[in-house]
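Peer 1: Below is one structure. I have some questions about it.
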Amino acid sequence: MHPIRKQRLVLVSLMVVLSSVAIGLVAFALRDNINLFYPPADVIAGKAPTDRTIRLGGMVVEGSIERSETELDTTFWVTDYEGSVAVRYSGILPDLFAEGEGVVAEGMLDAAGTLVATQVLAKHDENYMPPEVAAALEGKTAPAERTALP
Amino acid sequence: MIPELGHVALIIAFVLAMGLAVVPLWGTMRHDIAAMNMAPSLALGVTVFVGMAFALLATSFLQDDFSVAVVAANSNSLLPPIFKFSALWGNHEGSLLLWVLILSGWMTAVAYFSRGLPLEMVARVLSVMGMIAVGFLAFSLLTSNPFERLLPNTPLDGNDLNPLLQDPGLIIHPPLLYMGYVGLSVPFAFAIAALLGGRLDASWARWSRPWTNVAWGFLSLGIMLGSWWAYYELGWGGWWFWDPVENASFMPWLMGTALVHSLAATEKRGVFRSWTVLLAIFAFSLSLLGTFLVRSGVLTSVHAFASDPERGLFILIFLALVVGGSLLLYALRAPSVASRVSYTGVSRESLLMVNNLVFTVATIVVLLGTLFPLVMDAFSLGKYSVGPPYFNAVFVPLMALVMPFMTAGPLSRWREDSAKRWLHELLMPGVGVLVVALVLASLGRDGFNIWIALAVLLAGWVALGVIKDLWRRIASAPDGELKWRRLTPSFMGMTLAHLGFAAVVLGAVVVTQGNQERDLRMAVGDVEELGGYRFELLRLGQQAGPNYLAEQAVFEVTRDGQIIAGLVPEKRRYFASGQIMTEAAIDASLWRDLYIALGEPIGEDAWAVRLQYKPMVRWLWLGSLMIGLGALVTALDRRYRSQAVRKPVPTSGVAGLAG
């Protein structure tokens, strides 16, 4: 074969092999590793899957944080003012995690509808709100009786 | 008065940049030497006035002029002076000014160091950079004026700088990162200038190459510092989160890696010319995309300063213009004549091509993962997040794929080589590395670890090729004398960078596999064992800082009865914002880090504590440092200085083949 043609053949086959590997990897990785975001109202309405990791976002309900005296377990409620979901987390919470502030929790729902979180993300500074949380809260007001724990 | 002067300086810089974007380019079309000769002075003018604006804004910060909006929002009278200064770029408006300042610095450097290049080339390059400066100065002036005043409602004191950013890492991380980000505009400008002039030859590649290497080196250093900062400042002990904003800087780096290697082939052999131009366009486009992602507030990140749709739109339009315009130009002007330089499947060219393919694919998969949530959201298909497992699953195999080729790369010959020679050179050392890898990986506490074995194998394999090549260079003289002078800066830089890459891979895998972490409640007197070390909480205390009050926990770390370190992690409360910050305590060494961070207090005398044992985590940053410095060293090579000749030098018959 002519050297240049041979060269092209090698190049093209390399590209084909590599892109198929890449596409395979991407498809495989995307299947299991993307998490969908749900506001609390959707979780209560049963729209969130219970067999895979989800992200839950909203505001931490005032007065709902309960810390264990002896362990690192914490439970709190997250609300979007239309519903609240309990979150259980064992570990160290971020510095800016606080009542009445925005939060995103990642984990799986258990049978009782509590989110068992593997990761809790809070905002990074005073003025900042995670976009998902901001969108979830948009247009929803916070009447006092609805923020109360169910 | 000072802010107004700054604003005026910025406007003058904008006008000068417009001149720079138009006049020299017009000169190249009309062959007007005077117009082309104006380019360096205009570039210098832009730099002087942007520098003035920057200095004046810095003055406002240092003088606590809270009538200036960005100062009021990001500084505080209690802030130590050095942080008042770095607060300048701890916000959207100021960091944009830094962006422009660094861009103009690069322009001036190009003007100064390219005096030996053909006048038309210099004029085109500087004009293209002038256009970029126009875009960003307009962005700054129209949507994010750093000199906006809060009059008459001037606050008495400022809101303070985000405590996360009150750290020495922030003083140098953004400037270094921007040096890299913005520096990629230089190879971009060279590529566009070459397309405009229709000259795409080896001398073009040789002019562009040192700039590319330097920019890429700075980008490496900037990313390294960011990772290091996140490690000690965020209190989780992680060093890479695949956060969209990290990806925003990582994608230009990946593309830049391909570009640096492709340029080598173009310079030495005249191959991959169109491809190299395309890479230069993409690398800079990705750094613009990064700017868009970070500045538009579409992302959830520590770097997302402001969510202002107007700003996002501006950058998106600018991005579309740059990418669209340069691709159009590429389509019209890319060399139509295929390269007549041939090479065989077994040659250095092929190996460089493997590098290019892998790094391009890596860029694409990272891009996919980064943009996927944005695209889904834009089409209202749900709010997704793509986490580290995706990136690890696609990225790690790609890196593992490229490493076996990295060994043969430096050893191989241009044009034609033989697999038999590679085998001869590398068989015995390869077997040696394999044995070492198997032995080392079995020594761990938990028995044989396949991932560590693979990492040692691949990293050792890369290091080996590099060292063998080094030895071959200095020892191959027949009289047995060591020829140190054969080690050119470009070779030394490559060696250093490849060794650094091996170190990063090894560090990344070992710390991921061998990391030990425990979150627990500890009271005074409690003792915990981790990684063979004994952590004892001695006492709790308080300590006042200049603008915060810290709760401290004093730990003593011992091993076999010997004191290793006293570690004092803190929980700080900043006065101005009331924000709480974790300050981790780290005992660092080459082989392991011990890391303690405080959570929240539990009960009266106890704290939630995170203890971590992180083996070889330093190798990550040490390796990245080697990569960055290696890239900078290559630019010192003498052959780049010999470009101080008016006429382009035809190199080994390649220039004659220019399309």
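Protein chains in written order, with my numbering: chain C, 1 to 150; chain S, 1 to 659. Virtual Cβ for every residue (Gly too), placed ideally from N, Cα, C.
1) DSSP three-state label for S:Phe305, please.
2) Give the residues of chain C in contact with S:Pro397, contact being defined as C-beta atoms less than 7 Å apart.
3) So which residues of chain S does C:Ser19 contact, with C-beta pairs closer than 8 Å?
4) Using Cβ-Cβ distances below 8 Å, what residues of the segment 31-52 of chain C are close to chain S?
5) Determine the chain C residues that contact S:Thr582 at a beta-carbon separation under 7 Å, and present them in chain order.
6) Quick check on S:Met251 - is its C-beta less than 8 Å from some C-beta in chain C?
7) What residues from chain S crowd round C:Arg67, counting only those whose CB sits closer than 7 Å?
8) So which of S:Arg115, S:Ala334, S:Ala265 and S:Tyr232 has the shortest CA-CA distance to S:Gly198?
9) What does S:Ser385 touch in chain C if you count any residue whose Cβ is under 9 Å from its own?
10) For a contact meaning CB atoms closer than 8 Å, what does S:Arg660 contact in chain C?
11) Using three-state DSSP, classify S:Arg473 as helix, strand or coil.
12) Is the beta carbon of S:Met626 closer than 8 Å to that of S:Gly496?
13) C:Phe76 touches chain S at which residues, Cβ-Cβ below 9 Å?
14) From C:Ser20, C:Gly58 and C:Arg67, pick the residue whose C-alpha is nearest to that of C:Asp42; which is it?
15) So S:Glu517 is in the beta strand (DSSP E); what residue range does that whole segment cover?
16) Going by C-alpha distance, which of S:Leu219, S:Tyr574, S:Tyr112 and S:Ile132 is nearest S:Trp96?
17) Straight-line CA distance for S:Trp451 to C:Gly102?
18) Going by the CB atoms, is the gap between S:Val23 and S:Ala35 shorter than 8 Å?
19) Ends of the beta strand (DSSP E) at S:Trp591?
20) At which residues does the alpha helix (DSSP H) containing S:Ile82 begin and terminate?
21) Short check: CB of S:Ala631 to CB of S:Asn213, under 8 Å?
22) Residues bridged to C:Ser90 by DSSP?
23) Can you tell me whether DSSP reads S:Pro410 as helix, strand or coil?
24) Output, in sequence order along the chain, the residues in the segment 78-93 of chain C whose CB is closer than 9 Å to any CB in chain S.
25) Helix, strand or coil for C:Leu96 per DSSP?
26) Given that C:Leu115 touches chain S, what residues does it touch there, using C-beta distances under 8 Å?
27) Please report the straight-line C-alpha distance between S:Leu259 and S:Val433, rounded to a whole angstrom.
28) With distances taken from CA atoms, which of S:Met1, S:Asn515, S:Val557 and S:Leu499 is nearest S:Gly525?
29) Examine the Cβ distances between the segment 532-550 of chain S and the segment 95-115 of chain C and report whether three or more of them are shorter than 8 Å.
30) How many angstroms separate the CA atom of S:Gly382 from the CA atom of S:Val70?
31) Which residue wins for smallest C-alpha separation from S:Leu200, given the options S:Arg638, S:Ala475, S:Met121 and S:Leu438?
32) Whose Cβ in chain S lies nearer than 8 Å to the Cβ of C:Ala122?
33) Below 8 Å on the Cβ atoms is my contact criterion, and I expect S:Met251 with S:Gly312 to pass it. Report the Cβ-Cβ distance as a whole number of Å.
34) Along the beta strand (DSSP E) that carries C:Asn35, what are the first and last residues, could you check?
35) Within 10 Å of its beta-carbon, does S:Gln166 have 16 or more other beta-carbons around it, so buried, or fewer, so exposed?
36) What are the complete alpha helix (DSSP H) segments, minimum 4 residues, inside the segment 106-190 of chain S?
Peer 2: Reading from the atomic positions:
1) At S:Phe305 the pLDDT is 46, less than 50, meaning the model places this residue with poor confidence; the figure from the coordinates comes in the next sentence. Looking at S:Phe305 - three-state DSSP - the assignment turns out to be coil, as it is neither helix nor strand.
2) Within 7 Å Cβ-Cβ: Leu25.
3) Neighbours of C:Ser19 on chain S, chain order: Val361.
4) Listed in sequence order: Asp32, Asn33, Ile34, Asn35, Leu36 and Phe37.
5) The contacting residues are Asp95.
6) Taking 8 Å as the CB threshold, S:Met251 stays off the interface with chain C.
7) For C:Arg67, the C-beta contacts it makes with chain S under 7 Å involve Ile602, in order along the chain.
8) Answer by Cα proximity: S:Ala334.
9) Residues of chain C passing the Cβ test: Ile34, Asn35, Leu36, Phe37, Arg55, Val104, Glu106 and Glu132.
10) Because chain S spans 1 through 659 in this model, residue 660 of chain S falls outside it and cannot be assessed.
11) S:Arg473 carries a helical assignment under DSSP once its states are collapsed to helix, strand and coil.
12) In the sequence on display, residue 496 of chain S carries Leu and not Gly. Using a Cβ distance threshold of 8 Å, S:Leu496 and S:Met626 count as a contacting pair.
13) Near C:Phe76 there are no residues of chain S at all, since even the closest Cβ is about 13 Å away, more than 9 Å.
14) Ranked by Cα distance from C:Asp42, the first of C:Ser20, C:Gly58 and C:Arg67 is C:Gly58.
15) Where S:Glu517 is concerned, the enclosing beta strand (DSSP E) stretches over Gln516 to Ala523.
16) Reading off the sequence shown, one finds Leu at residue 96 of chain S, where the question assumed Trp. Checked all of S:Leu219, S:Tyr574, S:Tyr112 and S:Ile132; the closest Cα to S:Leu96 is S:Ile132.
17) Going by the C-alpha atoms only, they are around 39 Å apart.
18) Annotated as proximal: S:Ala35 and S:Val23, with beta-carbon spacing under 8 Å.
19) Premise fails: S:Trp591 is in no beta strand (DSSP E) and is neither H nor E.
20) For S:Ile82, the uninterrupted alpha helix (DSSP H) segment begins and ends at Pro81 to Ser86.
21) A contact, by the Cβ cut-off of 8 Å.
22) The beta-bridge partner set that DSSP reports for C:Ser90 consists of C:Asp73.
23) Correct three-state label for S:Pro410: helix.
24) From the segment 78-93 of chain C, only Ser90, Gly91, Ile92 and Leu93 have a Cβ closer than 9 Å to chain S.
25) Per DSSP, reduced to three states, the secondary structure at C:Leu96 is coil, with no helix or strand assignment.
26) Near C:Leu115 there are no residues of chain S at all, since even the closest Cβ is about 15 Å away, more than 8 Å.
27) Each residue's alpha carbon lies about 30 Å from the other.
28) S:Gly525 has its Cα closest to that of S:Val557, out of S:Met1, S:Asn515, S:Val557 and S:Leu499.
29) Under the 8 Å Cβ criterion, the segment 532-550 of chain S does not count as touching the segment 95-115 of chain C, having fewer than three qualifying pairs.
30) If you draw a straight line from the Cα of S:Gly382 to the Cα of S:Val70, it is about 35 Å long.
31) When each option's Cα is compared against that of S:Leu200, the closest is S:Met121.
32) None at all; the shortest Cβ gap to chain S is about 11 Å.
33) The Cβ separation is near 18 Å, so there is no contact.
34) Element bounds for C:Asn35: Ile34 to Tyr38.
35) Answer is buried; the Cβ neighbour count reaches 16.
36) Counting only runs of 4 or more residues that sit fully inside the segment 106-190 of chain S, the alpha helix (DSSP H) segments are 119-143 and 168-183, in chain order.
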